[in-house]
Each structure stands twice: as structure tokens, then as C-alpha cells.
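Here's the structure we're looking at; comments come further down.
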Amino acid sequence: MELTDDMLMAYADGELAPAQRARVEAAMRDDPGVAAAVERHRALRADVFAAFAGVLDEPVPERLRPAPAAPVRIDALAAAGARPLPARWRWGQAGALAAALVLGVAVGALGWRGQARDAGAIAARAGEAVVAQGVLAQALSTRLAADAAGGAGPVRIGVSFAARDGTYCRSFQLGATGGLACRVDGQWRIPVLAAGTLDGGAGGDGYRQAGSALPAAVLEAIDARIAGAALDAAAERAARDRDWRPAKR
Amino acid sequence: MLEHDIAALLPRLRRFARSITFHREDADDLVQVAVERALSRQAQWEAGTRLDSWMFRIVKNAWIDEVRARARASRLFVPEEEGVHVGDDQAQAQQQRMAIEKAVSLLSEEHRLVVGLVLVDGLPYKEAAEVLEIPMGTLTSRLARARAALQDLLADGTRST
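Chains H and D are the protein sequences, given in the same order.
Each step along the first sequence adds one to the number in this note's numbering, with nothing skipped, and position 40 is 40.
To convert, count from 1 in the second sequence and add 1000; that's this note's numbering.
Below is the structure:
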């Protein structure tokens, strides 16, 4: 019986039973044309596999994670009561839920409880990250620093800048709590959140001046990420109008 | 925990989705829809059967009856890849990879699905046939045609560059 090309393909794919495999191998020894056909099937398979293999190494976007982000409700936070804020709060030490609690208490402390309850969650856990939701996410996505002074709502936007990895980050304040949020995969991730004082730090140039009321930990986080200078008003508006997608480089 | 097992499959599901729909965002939308469907239909999964085959089937169905319609219309466009301007040593491998991705994107949908399952993911024929809900004979003939089409597309690409 003659070997069909489908059999050679199945051989290259490792799908043949031992008896058929032996026949194909014998034919490959006898006929260079058969060997070449098998090799073509093998090479194509290897090339196609290799072309897509890199996807396995990509970080999986948080939005695909099956465990739904557990939103933290402001009213539940209010029930937990105000607790002293550590001077410096990072996720490694505190955990995402605690971070959301800090945000919730900060909102509550500002007397925004009513509005905040309507707005629902302002931060949620997504895997290892904390992402902004509700009024916080909305302010981060839509407000410009120039609006902030007279803007309504508990959130004040500070400086906006492009980070070295190309994402946009913005500092924000909720009462005495300051934080940094960076736009990753269509969400505002909050890498750092810290209690601070409203009376401002040492004045300086550029974003330090603009963000002078930010806690030191947030300023450090900005220092660690910022590529170049903070965005000016026009650049900030342009970035917002692009929905904070990284600029083409 | 099914959630945990599905999470472990996410890299493979994303890779399969990328072979069906060329654009990264569309592929991730597809995986997201599939994961949501899977979680809402947990009861339909029979413990002891292959979770990967079940998930691939959900991805395939989600593509056909939902995501395909709202995926980017310009499917023939090869998106600009980041990192195209790499050093010479990597440039050739990169070009080869992009040529293959483009060729796969130009296959018919039927052929993309079978290539995605057998060549990209490496599923055995039997499992691939189950995912596609077709007989083995159909699977092998479809795979053979998809390979031939792919060879032709790659040969054309080589000639034109």
C-alpha cells in the first residue's frame, strides 16, 4: 500500500501507531522524496510553534484572571472604623485589602461618605495589584490637574507623567492620604499609597513643587518611575484624550 | 478549584486565541469572554475530563458566536509589532516569526482553528477533533489542507520579499 501524504503528516506529528510508523521510516530510508516530505511537515510544525511560543512568556493581563476582583465597599470600610494610618504603606507589607481600607477611610474622613457610598468601591484587589475603581478611577481617567482646585469630589489630582516603561502615572490625594496610580491594561494600578500631611513638604522645582503636599513615599515612587519631566497641561490633556494609552515610541 | 486550574491555562489560552485572531487585544478579549463563560458554566464541566480541551472548545465557540463580530474589522492588516527595530542578530528570527503569524492570519477560519490547536498548542489529533466537534477524518484532512495553504502563503511571502 502506498503511503499517503496524510500518513507522512501524521508521522511528523507523532500520531502514527507503531506498525505504520515502521513503514514510514522504511520508506524514508528508501526514498529521499518521502524523507523530504516528512521533513517539510516537521519544519512547518516547528516554525509555527516557535512563532507563537513567545506568547507563553508574556505577563497575563490581570483582567483575564478568573477570580473576580473583590470590590471593597466604602460603607463596609466605614463600619470598620478609622484606624491609625502607618506613615508609609506599601503592598509588600500591608496587602491590598488594607490599602483599599486606607483609601476608604480617607474618603470617609473627608465627609464624602454619602457620595462615596453611591459611587461604590473606589479600589479593588486584582491579583497582587490594587486597582482604582469608582470615583477614584473616574477622577484619574477624566480630571486634569488644572480642574483639581475647583473640582468636585474627594479626589485631587497631582502630577501626571510618563513612566520609563511608557505607561502614564498620576499622583492623587484623598485628604491626607497620597498615592500614585499607573495606567496598566486599561486600569489604574496603585503601586504606592501613603499617609502624609496637608501642610506641604519642602518646595522644589518641577513636579516636587506641584506635588509638594505628597507624602515622601509617593515622591520617591515618582522619582523611581518618571521619564523626563512631568506632563504640562497640554500634554496631560492629550494623554487623557488618548485614554492614557502609552504614546507611540 | 476550577478558577485556579483555569488560571494555570491562561498562557495557553492566550496563545491559542492569538492564532485565531491576530490582534493582541482581540485575543485577550476572546480569552476574557471564554473565562467568564467557563465560570458561569462550571456545572457543565465533567471532573476527570480534560479541562484544556473544554476550555479550548469554549474559546472556539466564544470566537464564533460572539467575539468575531466585534473584533477589529481590518483583519488583513498586520499590526505594527513593538520591537521591530531590534539588532541584526534577532531581526531574522523576528521576521520569520512575523511572516508566519501573518500567514496564519490569512488562513481561513477553519484552518486557523486547526493550526492553532495542533501546531501551535500541540494537542493530539483526537483532542483537537473533540475541541472542534468534528470526526477524526475531517480533522486530518482539514489539517493537511491548512498546512498546504500555509506552505503556499509562506512561499509567496518569500518570493515577494
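Glycine is no exception: its CB is placed at the ideal position from the N, C-alpha and C atoms.
Note that the structure is predicted; figures quoted are calculated from it, not measured.
C-beta neighbour in chain H for Gly1122(D), strict 8 Å: Here residue 1122(D) refers to the residue found at position 122 of the second sequence. True, the Cβ-Cβ gap to chain H drops below 8 Å.
Amino acids of chain D, ordered along the chain, whose beta-carbon sits closer than 8 Å to that of Met9(H): Taking the first residue of the first sequence as 1, we reach residue 9(H) at position 9. Within chain D, the residues near Met9(H) are Thr1140, Leu1143, Ala1144 and Arg1147.
Counting only beta-carbon atoms, is Leu1015(D) nearer than 8 Å to chain H? Locating residue 1015(D) in the second sequence gives position 15, where the first residue counts as 1. Looking at the sequence itself, residue 1015(D) is Arg, so the reference to Leu does not match. Yes, contact with chain H.
When the distance is taken between beta carbons, is Val48(H) closer than 8 Å to Val1120(D)? Counted from its first residue, the second sequence places residue 1120(D) at position 120. Counted from its first residue, the first sequence places residue 48(H) at position 48. Result yes, Cβ atoms of Val1120(D) and Val48(H) sit closer than 8 Å.
Counted within 10 angstroms of its Cβ, other Cβ atoms place Gln1090(D) as buried (16 or more) or exposed: Taking the first residue of the second sequence as position 1, residue 1090(D) is located at position 90. Gln1090(D) comes out exposed.
Taking C-beta to C-beta, are Ser160(H) and Glu236(H) nearer than 8 Å? Taking the first residue of the first sequence as 1, we reach residue 160(H) at position 160. Taking the first residue of the first sequence as 1, we reach residue 236(H) at position 236. Yes, the Cβ-Cβ distance between Ser160(H) and Glu236(H) is below 8 Å.
Thinking just about the alpha-carbon of each residue, which of Thr4(H), Glu39(H) and Arg40(H) is nearest to the one in Arg23(H)? The residue you call residue 23(H) lines up with position 23 of the first sequence. When each option's Cα is compared against that of Arg23(H), the closest is Thr4(H).
How big is the Cα-Cα spacing for Lys1112(D) and Arg189(H)? In the second sequence, the residue the question calls residue 1112(D) occupies position 112. In the first sequence, the residue the question calls residue 189(H) occupies position 189. Sequence check: residue 1112(D) is Arg here, not Lys. Straight-line Cα distance between these residues: approximately 35 Å.
Kindly indicate which three-state DSSP category Gly1048(D) falls into: helix, strand or coil? In the second sequence, counting from the first residue as 1, residue 1048(D) sits at position 48. Of the three classes helix, strand and coil, the one that applies to Gly1048(D) here is coil, per DSSP.
Can the beta-carbon of Ile222(H) be found closer than 8 Å to that of Leu180(H)? As a first step, residue 222(H) must be located in the first sequence, where it is residue number 222. As a first step, residue 180(H) must be located in the first sequence, where it is residue number 180. Against a cut-off of 8 Å, the Cβ pair of Leu180(H) and Ile222(H) comes out as a contact.
Assign Trp188(H) to one of three DSSP states: helix, strand, or coil. For the purposes of this step, residue 188(H) is taken as residue 188 along the first sequence, with counting starting at 1. In the structure shown, Trp188(H) sits in a strand (DSSP, three-state: E or B).
Please say whether Val1059(D) and Ala1034(D) have beta carbons closer to each other than 8 Å? As a working note, residue 1034(D) is residue 34 in the second sequence. As a working note, residue 1059(D) is residue 59 in the second sequence. Yes. Within cutoff.
Selection from Ala46(H), Tyr168(H), Gln187(H) and Thr167(H) that minimises the alpha carbon distance to Gln133(H): By one-based count along the first sequence, residue 133(H) stands at place 133. Cα-wise, what sits closest to Gln133(H) is Gln187(H).
Express the C-alpha separation of Leu136(H) and Arg242(H) in angstroms, rounding to a whole number. The count along the first sequence starts at 1 and reaches residue 242(H) at position 242. The count along the first sequence starts at 1 and reaches residue 136(H) at position 136. For Arg242(H) and Leu136(H), the distance between alpha carbons rounds to 19 Å.
Return helix, strand or coil for Val60(H), following the three-state DSSP convention. As a working note, residue 60(H) is residue 60 in the first sequence. Residue state, collapsed to three classes: coil.
What does DSSP give as the partner residues of Gly178(H) in its beta bridges? Locating residue 178(H) in the first sequence gives position 178, where the first residue counts as 1. The partner list for Gly178(H) (beta bridge, DSSP) reads Gln173(H) and Ala194(H).
May I ask you to verify whether the region 1009-1022 of chain D touches the region 33-46 of chain H, counting CB pairs closer than 8 Å and requiring at least 3? no
If we call anything under 8 Å between Cβ atoms a contact, is Val60(H) one with Leu1010(D)? Here residue 60(H) refers to the residue found at position 60 when the first sequence is read from its first residue. Here residue 1010(D) refers to the residue found at position 10 when the second sequence is read from its first residue. The answer is yes: Cβ separation under 8 Å.
Quick one: measure Cβ to Cβ for Arg183(H) and Thr167(H), integer angstroms, because I've assumed they're closer than 8 Å. The residue you call residue 183(H) lines up with position 183 of the first sequence. The residue you call residue 167(H) lines up with position 167 of the first sequence. So it is a contact: roughly 5 Å between Cβ atoms.
Interface partners of Gln1151(D) on chain H, CB under 8 Å: Indexing the second sequence from 1 puts residue 1151(D) at position 151. The contacting residues are Arg40 and Leu44.
Along chain D, which residues have their Cβ under 8 Å away from the Cβ of Gly18(H)? Position 18 of the first sequence, counted from the first residue, corresponds to residue 18(H). A small correction: the amino acid at residue 18(H) is Pro; Gly does not occupy that position in the sequence shown. Near Pro18(H) there are no residues of chain D at all, since even the closest Cβ is about 16 Å away, more than 8 Å.
Between Leu144(H) and Ala51(H), what straight-line distance do the alpha-carbon atoms span, to the nearest angstrom? Here residue 144(H) refers to the residue found at position 144 when the first sequence is read from its first residue. Here residue 51(H) refers to the residue found at position 51 when the first sequence is read from its first residue. Going from the Cα of Leu144(H) to the Cα of Ala51(H) covers about 42 Å.
Test: Ile1134(D) CB closer than 8 Å to a CB of chain H: In the second sequence, the residue the question calls residue 1134(D) occupies position 134. For Ile1134(D), the answer is no, since every Cβ of chain H falls outside 8 Å of its Cβ.
Quick test of your reading: Leu64(H) and Gln1032(D), contact by CB under 8 Å. State the CB separation rounded to the nearest angstrom. Indexing the first sequence from 1 puts residue 64(H) at position 64. Indexing the second sequence from 1 puts residue 1032(D) at position 32. Between Gln1032(D) and Leu64(H) the Cβ distance is about 5 Å, and since that is below 8 Å, they are a contact.
Close Cβ partners of Leu1167(D) (< 6 Å) along its chain, the five nearest in sequence each way excluded: Past the boundaries of the shown model lies residue 1167(D); chain D is included only from 1001 to 1161, so the question cannot be answered.
Range of the contiguous beta strand (DSSP E) that encloses Ile157(H): Within the first sequence, residue 157(H) is the residue found at index 157, counting from 1. Element bounds for Ile157(H): Val155 to Ala162.
Segments of 4+ residues assigned as alpha helix (DSSP H) that fall wholly inside the region 26-61 of chain H: 32-53
Closest by C-alpha distance to Trp1063(D), when choosing among Thr1138(D), Glu1036(D) and Leu1030(D): Locating residue 1063(D) in the second sequence gives position 63, where the first residue counts as 1. Comparing Cα-Cα distances from Trp1063(D) to each of Thr1138(D), Glu1036(D) and Leu1030(D), the minimum goes to Leu1030(D).
So Ala1071(D) contacts chain H; which residues on that side make the cut at Cβ distance below 8 Å? Residue numbering aside, residue 1071(D) sits at position 71 when the second sequence is read from its first letter. Within chain H, no residue comes near Ala1071(D); the closest Cβ sits about 16 Å away, beyond 8 Å.
Using the three-state DSSP reduction, which class does Ile1020(D) fall into: helix, strand or coil? Locating residue 1020(D) in the second sequence gives position 20, counting from the first residue. Helix at Ile1020(D).
Per-residue contacts from Asp5(H) into chain D (C-beta, under 8 Å): For the purposes of this step, residue 5(H) is taken as the residue at position 5 of the first sequence. Simply Ala1144.
8 Å Cβ cutoff, Asp243(H) in contact with chain D: Locating residue 243(H) in the first sequence gives position 243, counting from the first residue. So no, Asp243(H) is outside the interface.
Along the region 1022-1055 of chain D, what residues have a CB closer than 7 Å to any CB found in chain H? Asp1028, Val1031, Gln1032, Val1035 and Leu1039
Looking at the structure shown, is Ile1064(D) part of a helix, part of a strand, or coil, going by DSSP? For the purposes of this step, residue 1064(D) is identified with residue 64 of the second sequence, where counting begins at 1. If DSSP states are grouped into helix, strand and coil, Ile1064(D) belongs with the helices.
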